[in-house]
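Protein chains in written order, with UniProt numbering: chain F, 1 to 252; chain W, 1 to 220. Glycine included, C-beta positions come from ideal geometry on N, C-alpha and C. Remarks on the structure that follows.
In structure tokens, the structure reads:
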């Protein structure tokens with residue numbers, strides 16, 4: 001962990017059809033940190049994550065990835081597709097529903113972004129992708145198509161795909177929520193390994209044990225507000241708000 | 001001389017007609033496919049151009065093909081734009097079927113899961129690469145039967161071009177039957193050739209299905 005922020009969120013607000021989903025959210029994530037974002041469904045945690053790489057366009061507020069503002073430049077001008085893509089390429093994202101590209105093999109899924117976005121040579125991308133598939137334990141399935149994989153396998157490939165861009169931060173949007181219980185562990189294990197390797201991760205999750213064991217910070221969102229932000233030890237043993245106390249009791 | 005030997009005597013006319021039909025069909029369909037994909041890409045974002053394009057596509061779909069061919073060949077010279085029947089025919093086939101192909105692909109585009117596109121965006125894909133590498137291959141795999149259907153339509157639409165004097169297969173038959181008054185034999189020959197080409201197309205399409213089957217897009 002270092003003092004350089006990987007992600008800075010400042011006064012982020014977002015509404016959908018008149019309903020405020022995020023209200024003046026502030027969050028700084030330092031390089032090498034793992035931040036778990038907790039909260040009940042509809043609390044705005046996924047929206048916050050999706051604002052970070054501008055999949056959702058915030059109404060107000062600024063977001064910086066490793067110091068560079070995303071979506072709007074420092075003069076307040078809206079970025080064009082090319083500028084937006086260049087910043088997004090520095091973030092990775094892992095989705096609840098995996099979102100692998102079904103027409104490509106496992107290996108091609110991981111190679112595709114470095115080749116198409118970074119202009120990496122095919123041979124180099126092949127080497128990078130093979131190494132990453134090894135890391136997530138999916139090397140034997142390199143030539144398989146996604147439809148033949150289990151959920152846990154798909155998610156591990158999706159993680160390798162995100163890593164292939166050597167992102168400043170990886171955004172996890174409920175990565176284990178669509179998995180059957182037996183498969184959750186294999187994905188969490190990969191994520192634990194990544195955190196040990198020093199990857200910066202923001203994880204929207206319902207996995208309390210993971211949040212407790214792996215996070216550096218735990219953030220709790222309620223109706224679009226961050227109502228608690230603490231180290232996991234404190235968050236899980238001495239929460240400050242009644243709301244979090246009740247949440248922890250119910251999810252225990 | 002029997003009717004069939006007359007047909008045999010006129011074989012060069014038929015072969016020239018088949019060749020012309022095949023060239024028109026292949027060129028126009030390839031061009032229509034590229035143009036249709038281009039239209040689909042422009043429809044991705046709502047712009048002034050995309051709105052105009054929607055109108056053009058709908059206009060093509062309401063227009064009988066023959067009228068489009070007439071307009072290009074007989075109508076445009078009034079505006080000072082003159083081209084050969086063959087060129088007019090090729091252009092008519094191309095833009096007409098491009099509109100249909102764009103519409104077929106658009107139908108599949110609308111129901112494509114949004115998550116895959118978000119994944120590509122999140123990894124830094126720009127619109128064209130996203131379209132070309134992520135969207136288009138899947139749309140083509142998914143619409144294979146519909147594109148195949150359109151392929152057959154395009155083949156049969158070449159026959160209309162006989163009316164604007166293009167010397168294709170139907171024109172050859174028409175000229176033989178008019179000269180010797182043997183309509184049944186002349187048109188049986190033509191039907192046979194359209195049928196053979198259609199069967200070849202069907203087989204090619206069936207073969208192309210393995211791409212989708214291998215990737216879990218199809219289950220037959």
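query	result
C-beta neighbour in chain F for residue 221(W), strict 8 Å	Residue 221(W) is absent from the structure shown; chain W starts at 1 and stops at 220.
Per-residue burial, residue 215(F) [other beta carbons within 10 Å of its own, 16 or more giving buried]	buried
Any C-beta of chain F under 8 Å from that of residue 107(W)	no
Burial state of residue 80(F), where buried means 16 or more other Cβ atoms lie within 10 Å	exposed
Pairwise C-alpha distance: residue 67(W) and residue 42(W)	27 Å
Beta strand (DSSP E) segment containing residue 5(F), residue limits	5-16
Where residue 230(F) falls: helix, strand or coil (DSSP)	strand
As assigned by DSSP and simplified to three states, the class of residue 236(F)	helix
Limits of the alpha helix (DSSP H) - the one that residue 30(W) falls within	11-43
DSSP three-state assignment for residue 182(W), whether helix, strand or coil	coil
Neighbour list for residue 116(F) in chain W, Cβ cutoff strictly below 7 Å	125, 129 and 133
CA-to-CA distance, residue 144(F) to residue 198(W), given in whole angstroms	34 Å
Bridge partner(s) assigned by DSSP for residue 220(F)	38(F) and 228(F)
For residue 103(F) and residue 215(W), the rounded distance between their alpha carbons	6 Å
8 Å Cβ cutoff met for residue 98(W) and residue 36(W)	yes
Chain-order list of residues whose beta-carbon lies under 7 Å from that of residue 171(W) (same chain, five-residue window excluded)	17 and 162
Between the CA atoms of residue 87(F) and residue 68(F) - distance to the nearest angstrom	8 Å
Any chain F beta carbon closer than 8 Å to residue 77(W)	no
Residues near residue 190(F) by beta carbon distance below 7 Å, same chain, minus five either side	136, 156 and 159
Outcome for residue 97(F) when other beta-carbon atoms lying within 10 angstroms are tallied against a minimum of 16	buried
C-alpha gap between residue 119(W) and residue 89(F), whole angstroms	11 Å
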